[in-house]
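J.: End of the sequence shown = 958 in numbering that gives the first Met the number 0, gap-free, step of one.
Beta carbons are placed, not taken as given, at the ideal position from N, Cα and C, and that holds for glycine.
Nothing here was measured: the structure is a model prediction, and the numbers come from that model.
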Amino acid sequence: MISREVPPPPPRSRARQALSVLAGVAFVVLVFGRWVATLWTDYLWYEAMGHPQVWTTLVVTRVGLVAVATAVAFGLFLVNLWVVDQLSPRGGFIAGSPDEELLERFQEWMEPRAARVRAGVSAFFGILIGLGAGAWWEDWLRFRHGGAFGIEDPIFGHDVSLYVFDVPLFRDVFGWFFQLLLVLTLIVVAVHYLNGGIAVQRPGGRTNPAVKAHISLLLGGLVLLKAVGYQLDKWDLLSSSRGRVFGASFTDVNAQIPALNLLIIISLVAAVILVVNLRFQGWTLPIVAVALWLVTSIGVGGIYPALIQRFRVLPDEVNKEAPYVAHNIRFTREAYGLSDVEVRPFAATNDLTAADLEENQDTIGNIRLWDPGVLLITYRQLQNIRTYYDITDVDVDRYRIGDDLTQVMIAARQLDEFNIPEPGWVNEHLVYTHGFGAVLSPANDVTTEGKPDLLVRDIPPVNLTGDPDLEITQPRIYFADSATSNFVIVGTRQPEVDFPIGTAGANVQHNSYDGEGGVPLGGFFRRLAWSLRFGDLDTLISGQLTPDSKVLMVRNIRDRVRRLAPFLYADADPYTVIVDGRIKWVMDLYTLTDRYPYSARADTSRLNDGPGLPNGFNYIRNSVKAVVDAFDGDVTLYVIDPEDPLIQMNQRVFPGVFRPASEMPEELIEHLRYPEDLFRVQTDIYRLYHVTDPREFFSGVDPWQIARDPSNSPRPKLRGTFQDSSGKSFHPMLPYYLLMKLPGEEELSFLLMQPFTPRDRPNMVAFMVAKSGPLKEYGELIDFSLPADSQIDGPGQVGDFINQDPTISAEFTLLGQQGSKVIQGNMLVVPIEESLLYVQPIYIQASGGGASESGIPQFKRVVVSYAGEIEIADSLDEALAKVFGKVETPPDDGGEPPVGSVEDQIAELLAKAQAAFLDADLALRRGDLATYAEKVEEAREAVAEANRLLLGTDGGTGA
């Protein structure tokens with residue numbers, strides 16, 4: 000065989016080497032430049048929002064923590080590696096050993112470079128370990144600015160603030176130092192070996208005494224840190240899940256805490272032994288110390304508590320655990336704002352009369368006949384107007400229309416960024432920039448066609464009420480709930496699409512943004528920064544942009560608020576409000592912690608799947624209402640629970656960001672509502688924690704569950720699934736808003752209500768309401784407890800009775816013919832006087848209809864149930880009349896019919912004609928001539944009928 004020597008590769012040309020270097024430099028500059036650009040443009044955004052101090056606090060805190068941690072780690076590594084170098088015996092290996100050649104070469108290479116290598120290794124590990132400290136910024140700010148709760152834990156007697164504000168940072172620092180010392184010890188041992196300080200084959204001993212002393216000190220530091228960890232473990236027992244309830248149990252207090260105290264002592268003794276071992280040869284003492292610690296940890300830390308639990312607790316569990324269950328009940332109710340729930344008896348009588356209904360017309364007239372899930376489909380079909388608009392959510396609110404406070408359904412018409420015509424940089428970022436207007440209809444009103452009575456509608460917005468509170472003078476929506484992270488640039492040479500005009504919307508009205516929001520685009524360097532941030536060359540080179548153009552970024556209102564208040568969590572359902580002619584978003588913000596002692600973890604299974612509250616917390620307050628202007632993106636944060644220690648901490652961290660509730664305009668206060676996410680969490684906790692006797696609680700006496708929802712209407716996807724004790728799946732009833740008079744009260748209240756049933760039983764046992772206003776009553780929780788000795792039908796039961804009723808079943812069959820789907824809407828339990836009224840609206844929809852299909856749900860019937868009697872009718876008034884009969888209206892003293900009845904009919908006909916004319920106009924814009932002709936004829940007939948009544952009235956009076 001002929002062997003050939005492979006020639007070495009030719010050296011690379013200088014040009015190629017230079018090109019490689021330039022490419023590497025360009026890559027580094029690009030990555031670093033994008034980081035700098037993002038940091039700078041973030042500051043510009045915070046400055047434009049009026050809160051640059053938030054950016055400064057966040058950046059300085061992170062950088063400061065990383066700098067301090069890096070310096071500490073670098074210093075410890077540098078000092079210890081210098082000590083290793085000083086203790087190096089040089090040549091501690093024996094001649095002929097396998098290590099000899101390798102170690103000799105290492106020492107020869109190392110000797111002239113020792114200082115630089117020490118510095119390099121120290122810098123590498125210092126930065127690597129120090130960077131982790133940047134994640135502590137939240138815990139550091141809580142520790143630095145936290146205050147007292149004024150509540151002491153029942154075991155150690157510390158203020159709750161220790162566990163909420165301090166212990167998380169202690170855990171961070173403990174874990175970081177333990178990791179640092181562990182890595183440092185391993186590196187030191189390795190370098191000692193390379194320097195010959197540890198020689199496995201050295202005659203008469205393996206380790207240099209000075210080296211042993213060095214390693215012993217490091218091990219002693221690790222053991223001391225372990226003692227600190229045991230102290231933290233003691234405090235963590237207040238969040239223990241060992242017992243039947245959350246928090247330290249009998250075994251934790253009487254076995255685990257003493258065991259941890261002993262382990263702390265053993266750790267301290269072991270540390271002392273390791274230090275004392277500096278004066279002795281060998282590793283006997285350290286081995287004894289470690290063995291003692293292991294035996295104690297296994298025996299006392301594990302076996303002893305298990306024995307106590309089995310032989311002392313289980314034989315007498317109720318009595319042993321009762322004091323700790325009492326702690327759990329007290330702290331859980333406090334953590335979820337349930338300590339002050341007012342419990343009122345509710346008789347649930349069956350003696351309600353038609354006269355009582357007449358006395359409660361304000362309540363009856365506001366019973367919601369439109370299911371939000373059904374109405375969302377209807378709104379989309381009737382009012383999306385164009386494919387690039389979308390209505391994504393329907394909210395419940397109340398407005399004063401005329402002289403009456405009226406419950407309404409309202410939705411914003413947002414920009415659908417995924418359906419922009421001819422997608423491209425110009426259309427996505429310069430042309431299609433905003434949504435437009437809102438839709439509003441009374442919750443109780445239905446047109447003759449079974450559609451919602453749209454009082455605010457169309458583009459531009461039309462206000463049929465004439466009420467100035469519903470007039471939208473600035474309908475443009477640049478900042479929205481459905482907005483993505485996509486940016487837009489306004490004030491450019493390219494006009495923005497505002498809304499369609501002309502027959503069938505063939506043309507569009509253009510607009511140029513003139514609001515206060517946005518960050519100035521600026522000159523070349525700013526444009527370069529924006530281009531790097533967005534990874535978008537067009538922002539730098541486009542001729543459509545000017546220095547006066549503005550960048551609108553962070554247009555999703557959740558992200559916008561989160562940047563200004565990073566410690567707060569947003570509700571899943573921001574809602575739309577019309578205030579002073581503008582569209583605003585109101586968002587509920589929460590303070591949370593998972594460190595509240597003895598408090599049970601929140602059950603979040605009934606929350607909507609998606610954005611919103613996280614899982615695992617055990618304390619919550621709705622401390623802030625955020626108001627976001629849909630046009631200019633201005634964010635105002637109002638503190639409505641100033642007593643919350645967590646929001647007080649936030650105010651100290653970010654001074655000037657939050658405003659007191661007293662500064663909130665009255666027009667906004669009128670639209671505050673108790674948040675549904677919070678109420679879901681509270682009522683899920685209250686299912687068990689309505690019981691306050693610890694022995695009854697422990698024994699499982701009187702557990703409740705959320706009532707079953709008998710509707711089949713579209714509902715949000717929840718995080719959890721639900722089954723009864725037999726394994727049958729069901730849908731829990733979600734809380735709903737009511738505008739009504741509570742029993743014993745004179746004024747209407749806007750309430751959030753949740754019915755309860757006993758666990759695995761269908762009958763109703765209680766309902767809870769939360770008040771939304773006035774502000775002094777905001778957040779009041781009332782538990783209306785039903786008689787324990789009476790059978791009161793639950794919502795699920797009533798739903799079953801409705802489906803089993805032969806008359807109603809036949810009606811459903813008839814409605815479902817010709818390919819229509821019958822939708823049973825939300826079942827509403829409505830308290831009136833001391834009775835419960837059940838109302839369920841019924842809709843039909845063409846089969847296959849959905850949010851994006853052609854089938855528009857129509858209101859067809861309503862079912863009313865009271866005292867076991869069930870009736871179905873075309874309207875709520877008719878159904879109530881079937882159940883209760885009609886109220887006879889007595890004549891005036893002169894025996895004549897009530898004045899104004901004919902005038903009322905005329906006014907109603909004219910309003911109907913006006914609505915028909917507007918429908919005709921909308922149909923004409925769409926190019927739907929058939930509907931246009933139909934609506935014009937409908938309006939003509941209404942006007943003719945009104946004219947007939949008017950002439951009849953004039954003739955009757957002899958005018």
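Along the chain, which unbroken stretches of the beta strand (DSSP E) at least 3 residues long are found entirely within the segment 360 to 400?
T.: For the segment 360 to 400, whole beta strand (DSSP E) runs of length 3 or above, ordered along the chain, are 394 to 400.
J.: Pro596: buried (16+ other C-beta within 10 angstroms of its C-beta) or exposed?
T.: Flag for Pro596 reads buried.
J.: Measure the C-alpha to C-alpha separation of Arg141 and Thr590 and round it to an integer number of angstroms.
T.: About 12 Å.
J.: Once DSSP output is grouped into helix, strand and coil, what is the label at Pro890?
T.: Below a pLDDT of 50, predicted positions are generally treated as unreliable, and Pro890, at 48, falls in that range; the measurement from the model is reported next regardless. In this structure, Pro890 counts as coil in the three-state DSSP scheme.
J.: Can you tell me whether Ala442 is buried or exposed? The criterion is at least 16 other CB atoms within 10 Å of its CB, across all chains shown.
T.: Classification of Ala442: buried, given that the 10 Å Cβ count is 16 or more.
J.: Going straight from the alpha carbon of Thr472 to that of Gln704, what length do you get?
T.: For Thr472 and Gln704, the distance between alpha carbons rounds to 46 Å.
J.: Where does Leu536 land, buried or exposed, given buried means 16+ other C-beta within 10 angstroms?
T.: Leu536 is exposed by the Cβ-count criterion.
J.: Could you give the uninterrupted runs of the alpha helix (DSSP H) lying entirely in the segment 3 to 86, keeping only those of 4 residues or more?
T.: Whole alpha helix (DSSP H) segments, 4+ residues: 13 to 47 and 51 to 86.
J.: From which residue to which residue does the beta strand (DSSP E) around Asp683 run?
T.: Looking at the DSSP string, Asp683 is not in any beta strand (DSSP E); the run it does join, the alpha helix (DSSP H), is Glu675 to Tyr688.
J.: Would you mind listing the alpha helix (DSSP H) stretches within the segment 546 to 620 that are 4+ residues and don't spill past its ends, in chain order?
T.: Those alpha helix (DSSP H) runs which fall completely within the segment 546 to 620 and span 4+ residues are 556 to 563.
J.: Going along the chain, which unbroken runs of the beta strand (DSSP E) with 3 or more residues stay wholly within the segment 303 to 367?
T.: Fully enclosed beta strand (DSSP E) runs of 3 or longer: 341 to 344.
J.: At what residue ranges does the segment 686 to 739 contain a whole run of the beta strand (DSSP E), taking only runs of 3 or more?
T.: Segments of the beta strand (DSSP E) lying fully in the segment 686 to 739: 703 to 705 and 735 to 739.
J.: Assuming Val188 contacts Ile197 under a Cβ cut-off of 8 Å, what Cβ separation, rounded to an integer in Å, is found between them?
T.: Val188 to Ile197, Cβ: 7 Å. Contact.
J.: Whole-angstrom Cβ separation of Ile831 and Asn383, contact assumed at under 8 Å?
T.: Their Cβ separation, rounded to whole angstroms, is 37 Å, which puts Ile831 and Asn383 out of contact at 8 Å.
J.: Let's test the definition: count the other Cβ atoms within 10 Å of the Cβ of Pro499 and tell me whether it reaches 16, buried, or not, exposed.
T.: Result: buried.
J.: Does Asp782 come out as helix, strand or coil in the three-state DSSP assignment?
T.: The answer is strand: DSSP assigns Asp782 an E or B state.
J.: Taking 9 Å as the threshold (C-beta atoms), are Gly156 and Gly125 in contact?
T.: Result no, Cβ atoms of Gly125 and Gly156 do not sit closer than 9 Å.
J.: Rounded to a whole number of angstroms, what is the C-alpha to C-alpha distance between Met964 and Ile476?
T.: The structure shown does not extend to residue 964, since the chain is modelled only from 0 through 958, so no value can be given for it.
J.: By alpha-carbon positions, which one of Ala258, Glu151 and Leu949 ends up nearest to Val299?
T.: Per the Cα distances, Ala258.
J.: What separation, rounded to the nearest whole angstrom, lies between the Cα atoms of Leu950 and Pro459?
T.: Roughly 37 Å between the two C-alpha positions.
J.: Just grab the DSSP bridge partners of Gln647 for me.
T.: Answer is none; Gln647 lacks a bridge partner.
J.: Beta-carbon within less than 8 Å of Ile784's beta-carbon, same chain only, minus the 5 sequence neighbours each way: which residues are those?
T.: The amino acid at residue 784 is misidentified as Ile; the sequence shows Ser. Answer for Ser784: Val342, Arg343, Pro344, Phe345, Val764 and Ala765, listed in chain order.
J.: Of the choices Val430, Asn365, Leu127 and Gly743, whose alpha-carbon is the least far from that of Asp444?
T.: Ranking Val430, Asn365, Leu127 and Gly743 by Cα distance to Asp444 puts Asn365 first.
J.: Output needed for Ser121: all residues of its chain with C-beta closer than 7 Å, excluding positions within five of it in sequence on either side, in chain order.
T.: These residues qualify, in order along the chain: Phe73, Phe76, Leu77 and Leu80.
J.: Can you give me the start and stop residues for the beta strand (DSSP E) that Leu453 sits inside?
T.: First-last for Leu453: undefined, no H or E at that position.
J.: Can you give me the C-alpha to C-alpha distance between Gly818 and Ile869, rounded to a whole angstrom?
T.: Approximately 27 Å, taken between the alpha carbons.
J.: Report yes if the CB atom of Thr446 is closer than 9 Å to the CB atom of Arg554, and no otherwise.
T.: Not closer than 9 Å, so no.
J.: Quick one: what's got a C-beta closer than 6 Å to Asp892's C-beta in the same chain, skipping five residues either side?
T.: For Asp892, the pLDDT reaches just 48, beneath the cut-off of 50, and the residue's location in the model is therefore unreliable, leaving the point undetermined.
J.: Is DSSP giving Pro459 helix, strand or coil here?
T.: Here Pro459 sits in coil by DSSP.
J.: So the candidates are Ala410, Leu291 and Tyr387; which of them puts its Cα closest to the Cα of Val395?
T.: Closest option to Val395, Cα to Cα, is Ala410.
J.: On the three-state DSSP scale, how would you describe Lys911?
T.: DSSP places Lys911 in helix when its eight states are reduced to three.
J.: My output table needs one value for Gly125: the three-state DSSP class, helix, strand or coil.
T.: Gly125: helix per DSSP, three-state reduction.
J.: Taking C-alpha atoms, which residue in Tyr865, Thr491 and Leu567 lies nearest to Gly611?
T.: The candidate whose alpha carbon is nearest that of Gly611 is Leu567.
J.: Check whether the segment 822 to 842 touches the segment 723 to 743, counting contact only when three or more Cβ pairs, one atom from each stretch, lie closer than 8 Å.
T.: Touching, yes, given that three or more Cβ pairs across the two stretches are closer than 8 Å.
J.: Are the CB atoms of Ala254 and Tyr323 nearer to each other than 9 Å?
T.: No, the Cβ-Cβ distance between Ala254 and Tyr323 is not below 9 Å.
J.: Would you call Gln992 buried or exposed, if buried means 16 or more other Cβ atoms sit within 10 Å of its Cβ?
T.: Here the chain comprises residues numbered 0 to 958, so residue 992 is not present and cannot be evaluated.
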